[in-house]
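Comments concern the structure below.
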Amino acid sequence: MTNDRQATVQGQHSVGLNSILKLKLANSIFAAVFLITGIVLEMLLPEQKQTAQLIVAVAALAVSLPVFINGLKGLFTREPCFMTEQLVSLAILAAMSEGEFAVATIIPIIMVFGHLLEEKSIMGIEEAIESMRRLHSRQARLMADGRETLVEPGELKPDDLIVCYPGETIAADGVISEGETMINQAPITGESVPVEAFAGVGVFAGTINLSGKICIKVTKAASDTLFNKILHLLKEAEASKAPIVKIIEKYLGLYFPFVIMVAALTLFLTGDISRAVAILVISCPCALILASPSAMIAALVSAARHGIMIKNTAFLELLAEVDSVIFDKTGTVTLGKLEVEKVVALPGSDNQEMLKYAAMCASGSIHPVSAALIAYAHANGIKFPIPTVQKELHGRGVLAEIDGKKFYLGKPAWIAEEAGIAAPPDLVGENGISVWVASEKAFFGEVIFSDRPRPEMRQAIDQLRSLGVKNVILLTGDRSQIGNAIGKALGVDETICECLPQDKLNYVNSRKAAGERVMFVGDGINDALALKASDVGIAMARGGADIAIQNSDITLNTDNLLNLARMFTLSEKTRGIINQNILIGTGFSLMMMVLASIGLISPVIGAIAHNLGPVFVVLNSARMLKEN
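Numbering (numbering that gives the first Met the number 0), first residue to last: 0 to 627.
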């Protein structure tokens, strides 16, 4: 395998033949013309044999020079990708020493065309990556002074207003300010079902507007969009080395002297230099060098298609070793959105009336409890007046006044103190978060809220256990009665409540100290330390804090936690594909070396056969792209 092939595998160029390979291809065509000219000249004019041989020698030197240069580079850089050039260089020099200039010309020509075949076979992987890049809109409709202007997405700034029509790709991250539609978020989240979007809903660059015209207020510059972050992470992951790659490279360090020894021994025992040349050509370790990178890149692309962004291939390999998974609660295993669970009116009070006053108090507050109350009131057709006076006290409640009458929403002790009335007994159930509603004369009753677990959470945990995870733990800052109830409902092995960020960090470190491979899944600022300390940190990108995403190793662009099992499965399959690739590369090389040593394969045939191994490896890795 040549250095240009290594560049392809690491994703360092755009789809299409890279410039180095193009140059080698042109050089090979030039050498082939000279080779044919020399052979024809010797056949037609035997008296011009010396001239003909000189022409063939020029062809050999021309096509071999890039190989020699890369072989010399390998002596100083010790990069495995130059090992092929070193072995081929020895084969060419051996052929030249015997005056076999035609063989010395044909071998590098065949190698170049073999690399061309490899390049074409890996295009499936490269094209998959490039297709993600092409999803980004090339133009945006900027709305200014009542007029639409086509601009590059890179020109957009926060607070700009853009318009997007049905069928168009959204050009920037932002919030819908006008209109409603259905959006295909599959390019970002991997979710195939379109989502409803309307005023106030956030949208992402790279997603597709399906049904209605919408106006979007830009919230992020082009470089900071989720889509561009995904591409950046994918590029970084492509260039990273998994632990198994380092093992293969160490193995290759022993492989080179082994091949030299076998070739030298064959030459010593048989006296046939063509056999030694054939061994050197056939043993080029292209397939082994490609074994891990091709599989890893295919796995990264497959994961990205499902909204899973893996920052480094090392974490893809580590997933297969995880035996303990630790979850944050709020926003991770739960929806992170409070909902009214139950309304409990005191005797003599009416539920509808109580909710009317509760919604009135909540109407001017941005607290999650207030938002849940307003949504519940609207859903139940409850109309409520807008208060003339409203006062919110953080951590206590809201005071609202209308027509000179005061109403309260909040903690019962605070209400009792403010209104001068007796506090009622707490009616809240063990799962709930509650607020009380009262007038200046009496309490009306209690509204109980809950943050429900994600509907797929129990199934996700069952899948993890079936894949070999031994321990599932829930960590939360909530009080025990709430956290334990969620943990019991999900069937986790252990629930630890009232955790501060440092407590989560200490717990992760204690598990690691016990010899466990730990994966932490979280989304908040308070999860950042635990995410960083874990062997594999998973952040929920949608609604997650930036610091949590930055300190994670893998980000989920979808809220569907069934993707956790998908990651484990992908990790196992990737490891299996790599092992298959190593077996293909090693087995094929050894078999061909044996055939060459007993004289059944010539150097030219060996050069042709050598290229089959890398092609098989790449095609085997490309199967990962077909994973659902």
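The beta carbon of each residue, even a glycine, is placed where N, CA and C say it ideally should be.
On a predicted model such as this, the values are computed, not experimentally measured, just so you know.
Inter-residue spacing [alpha-carbon to alpha-carbon] between residue i and residue j
{"i": "glutamate 352", "j": "alanine 374", "result": "16 Å"}
{"i": "isoleucine 415", "j": "serine 533", "result": "Isoleucine is not the amino acid found at residue 415; the sequence shown has alanine there. Spanning the two alpha carbons is a distance of roughly 46 Å."}
{"i": "alanine 370", "j": "glycine 363", "result": "10 Å"}
{"i": "glutamate 99", "j": "alanine 262", "result": "18 Å"}
{"i": "threonine 50", "j": "glycine 37", "result": "8 Å"}
{"i": "cysteine 163", "j": "glutamate 400", "result": "43 Å"}
{"i": "alanine 344", "j": "tryptophan 413", "result": "19 Å"}
{"i": "lysine 531", "j": "asparagine 550", "result": "5 Å"}
{"i": "glycine 380", "j": "alanine 220", "result": "40 Å"}
{"i": "lysine 23", "j": "valine 57", "result": "16 Å"}
{"i": "asparagine 525", "j": "alanine 512", "result": "22 Å"}
{"i": "serine 433", "j": "histidine 393", "result": "15 Å"}
{"i": "leucine 287", "j": "asparagine 580", "result": "7 Å"}
{"i": "leucine 299", "j": "glutamine 184", "result": "19 Å"}
{"i": "glutamine 85", "j": "lysine 72", "result": "9 Å"}
{"i": "threonine 645", "j": "lysine 310", "result": "Any answer about residue 645 is impossible in this case: the structure gives the chain only from 0 up to 627."}
{"i": "glutamate 340", "j": "proline 613", "result": "60 Å"}
{"i": "alanine 297", "j": "cysteine 283", "result": "23 Å"}
{"i": "asparagine 227", "j": "leucine 155", "result": "14 Å"}
{"i": "lysine 440", "j": "lysine 405", "result": "9 Å"}
{"i": "glycine 178", "j": "glycine 211", "result": "7 Å"}
{"i": "leucine 624", "j": "lysine 21", "result": "27 Å"}
{"i": "isoleucine 281", "j": "methionine 592", "result": "6 Å"}
{"i": "isoleucine 106", "j": "glutamate 46", "result": "27 Å"}
{"i": "proline 454", "j": "alanine 540", "result": "19 Å"}
{"i": "glycine 70", "j": "leucine 53", "result": "24 Å"}
{"i": "arginine 395", "j": "lysine 328", "result": "24 Å"}
{"i": "cysteine 496", "j": "histidine 377", "result": "34 Å"}
{"i": "serine 465", "j": "phenylalanine 442", "result": "51 Å"}
{"i": "valine 680", "j": "isoleucine 447", "result": "Examination of residue 680 is not possible in this model, given that the chain is present from 0 through 627 alone."}
{"i": "alanine 302", "j": "threonine 312", "result": "11 Å"}
{"i": "phenylalanine 615", "j": "alanine 101", "result": "29 Å"}
Continuous beta strand (DSSP E) stretch holding residue i: start and end
{"i": "tyrosine 146", "result": "First, the amino acid is wrong: residue 146 is arginine here, not tyrosine. Note, arginine 146: beta strand (DSSP E), 146-150."}
{"i": "glycine 605", "result": "Counting along the chain, glycine 605 falls outside any beta strand (DSSP E), though it belongs to the alpha helix (DSSP H) covering 602-609."}
{"i": "tyrosine 407", "result": "404-409"}
{"i": "threonine 494", "result": "493-495"}
{"i": "cysteine 285", "result": "Per DSSP, cysteine 285 belongs to no beta strand (DSSP E); it is in the alpha helix (DSSP H), 285-304."}
{"i": "glycine 270", "result": "Here glycine 270 belongs to no beta strand (DSSP E), and DSSP marks it neither H nor E."}
Burial state of residue i, where buried means 16 or more other Cβ atoms lie within 10 Å
{"i": "isoleucine 28", "result": "exposed"}
{"i": "methionine 590", "result": "exposed"}
{"i": "valine 55", "result": "buried"}
{"i": "leucine 504", "result": "buried"}
{"i": "alanine 538", "result": "buried"}
{"i": "leucine 599", "result": "exposed"}
{"i": "phenylalanine 33", "result": "buried"}
{"i": "alanine 418", "result": "buried"}
{"i": "threonine 148", "result": "exposed"}
{"i": "alanine 459", "result": "buried"}
{"i": "alanine 198", "result": "exposed"}
{"i": "methionine 295", "result": "buried"}
{"i": "isoleucine 91", "result": "buried"}
{"i": "glycine 444", "result": "buried"}
{"i": "alanine 421", "result": "exposed"}
Span of the alpha helix (DSSP H), counted from its first residue to its last, around residue i
{"i": "cysteine 360", "result": "350-361"}
{"i": "threonine 557", "result": "Careful: threonine 557 lies outside any alpha helix (DSSP H) and carries neither H nor E."}
{"i": "threonine 387", "result": "Here threonine 387 belongs to no alpha helix (DSSP H), and DSSP marks it neither H nor E."}
{"i": "leucine 528", "result": "527-532"}
{"i": "lysine 440", "result": "Neither: lysine 440 is in no alpha helix (DSSP H) and is coded neither H nor E."}
{"i": "glutamate 316", "result": "312-317"}
{"i": "phenylalanine 567", "result": "562-596"}
{"i": "isoleucine 481", "result": "479-489"}
{"i": "aspartate 461", "result": "456-465"}
Proximity test, residue i beta-carbon vs the ligand SAH heavy atom, cut-off 7 Å
{"i": "phenylalanine 587", "result": "This structure lacks the ligand SAH, and indeed carries no ligand of any kind."}
Distance between beta carbons of residue j and residue i, contact taken as under 8 Å
{"i": "isoleucine 278", "j": "serine 596", "result": "6 Å"}
{"i": "valine 617", "j": "leucine 289", "result": "6 Å"}
{"i": "glycine 306", "j": "glycine 523", "result": "The Cβ separation is near 20 Å, so there is no contact."}
{"i": "valine 174", "j": "lysine 216", "result": "5 Å"}
{"i": "phenylalanine 314", "j": "isoleucine 553", "result": "6 Å"}
{"i": "glycine 490", "j": "arginine 457", "result": "7 Å"}
{"i": "isoleucine 485", "j": "valine 332", "result": "7 Å"}
{"i": "alanine 196", "j": "threonine 180", "result": "6 Å"}
{"i": "alanine 658", "j": "proline 152", "result": "With the chain represented from 0 up to 627, any question about residue 658 goes unanswered, as that position is not in the structure."}
*Would the region 309-324 and the region 607-626 be scored as touching if the rule is three or more Cβ pairs under 8 Å?*
no
*Count the C-beta pairs between the region 466-477 and the region 487-502 that are closer than 8 Å, then say yes if the count reaches three, no if not.*
yes
*Would you call the region 552-560 and the region 569-580 touching, i.e. three or more CB-CB distances under 8 Å?*
no
*Are the region 162-178 and the region 198-206 in contact at 8 Å, needing three or more beta carbon pairs?*
yes
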